[in-house]
Amino acid sequence: MASAVLAAISVGSCKQESKIDITKTLNPGKMPSMVTHNVNTLISDSGVTQYKIVAPVWYVYDEVDTPYWLFPEGLYLQKYDPSFNVIATVAADSARFFRVQKLWRLDGNVEMTKAPKDLFLSPRVFWDQRRQRLYSDTFIHIENATHVLEGTGFESNERLTEYRILHPTGIFPINKEEIRPDK
Numbered sequence: 020m021a022s023a024v025l026a027a028i029s030v031g032s033c034k035q036e037s038k039i040d041i042t043k044t045l046n047p048g049k050m051p052s053m054v055t056h057n058v059n060t061l062i063s064d065s066g067v068t069q070y071k072i073v074a075p076v077w078y079v080y081d082e083v084d085t086p087y088w089l090f091p092e093g094l095y096l097q098k099y100d101p102s103f104n105v106i107a108t109v110a111a112d113s114a115r116f117f118r119v120q121k122l123w124r125l126d127g128n129v130e131m132t133k134a135p136k137d138l139f140l141s142p143r144v145f146w147d148q149r150r151q152r153l154y155s156d157t158f159i160h161i162e163n164a165t166h167v168l169e170g171t172g173f174e175s176n177e178r179l180t181e182y183r184i185l186h187p188t189g190i191f192p193i194n195k196e197e198i199r200p201d202k
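Residues in the sequence shown are numbered from 20 upward in steps of one, following this note's numbering.
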């Protein structure tokens, strides 16, 4: 009986194992090198907090020809002044950051605010951090304290203090007296 058990064990152990080479199917140039879920992080420069990023998912592609970060499920960003006051916000349905070029592409329901109450809406906005410029070639809607501005194409400094609409379609003054509920 013992010899039958030993024979069964030795027959099972003589079986040649087959190896699966997964490196043939993997392509690091097409895979993210990092995936992070439920992102809520602060970004600083020279020890000073500059931004807060909130996103459901963040993919980092470092092994591709043009390295980039991808936020396919949306991005919310806050910009801070040196006293840690929020001076601007950006929200988009998706975003891509080209790391080497320092260029953001924000897509789908892009909403930017600048303190105290300026609002910028567009389906697509580019943010060139090297040149400190924001721009778009699509529709833009801007609301400030005195006007609503609309058009196609937009250029601005990154602080949203000096901007222009390339092809304006409407400038609508806001009369605060007409919209006050107490009158």
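Glycine included, C-beta positions come from ideal geometry on N, C-alpha and C.
Which term fits residue i, buried or exposed, when burial requires 16 or more other beta carbons within 10 angstroms of its beta carbon?
| i | result |
| --- | --- |
| Ile72 | buried |
| Ile190 | exposed |
| Ser102 | exposed |
| Ser65 | exposed |
| Ala114 | buried |
| Ile9 | No answer is possible for residue 9: the residues shown for the chain start at 20 and end at 202. |
| Val67 | exposed |
| Leu179 | buried |
| Ser155 | buried |
| Val129 | buried |
Excluding the 5 residues preceding and the 5 following residue i in the sequence, name in chain order all residues of the same chain whose CB lies nearer than 6 Å to its CB.
| i | result |
| --- | --- |
| Tyr182 | Ser175 |
| Val167 | Phe191 |
| Pro187 | Gly170 |
Here's a check: name, in chain order, each residue in its chain whose Cβ is nearer than 8 Å to the Cβ of residue i, leaving out the five neighbours to either side.
| i | result |
| --- | --- |
| Lys121 | Asp147, Gln148, Arg149 |
| Asp91 | Per the sequence shown, the amino acid found at residue 91 is Pro instead of Asp. Around Pro91: Val76, Tyr78, Ser113. |
| Pro51 | Tyr78, Val79, Tyr80, Leu89 |
Can you tell which of the options has its C-alpha closest to the C-alpha of residue i?
| i | options | result |
| --- | --- | --- |
| Phe158 | Ala164, Gly172, Thr165 | Gly172 |
| Val58 | Met50, Tyr70, Pro75, Ser52 | Pro75 |
| Tyr87 | Val54, Phe139, Tyr99 | Val54 |
| Tyr99 | Leu185, His56, Glu177 | Glu177 |
| Phe116 | Leu138, Asp156, Gly127, Phe145 | Phe145 |
| Pro18 | Arg118, Gly170, Tyr70 | What the structure shows of the chain is the stretch from 20 to 202, and residue 18 is not part of that stretch, so it cannot be assessed. |
Skipping 5 residues on each side, what residues in its chain have a beta carbon closer than 7 Å to that of residue i?
| i | result |
| --- | --- |
| Gln151 | Asn176, Glu177 |
* To do: Take every Cβ of the segment 100-111, pair it with every Cβ of the segment 121-134, and state whether three or more of those distances are shorter than 8 Å.
  => The answer is yes - the segment 121-134 touches the segment 100-111, with three or more Cβ pairs under 8 Å.
* **At least 3 beta-carbon pairs within less than 8 Å: the segment 110-122 vs the segment 91-102** => Yes, since at least three Cβ pairs between the segment 110-122 and the segment 91-102 fall closer than 8 Å, the two stretches touch.
* To do: Identify every run of the beta strand (DSSP E) within the segment 149-191, keeping only runs that are complete inside it and at least 3 residues long; order them along the chain.
  => Counting only runs of at least 3 residues, the segment 149-191 fully encloses the following beta strand (DSSP E) elements, listed from N- to C-terminal order: 152-162, 166-176.
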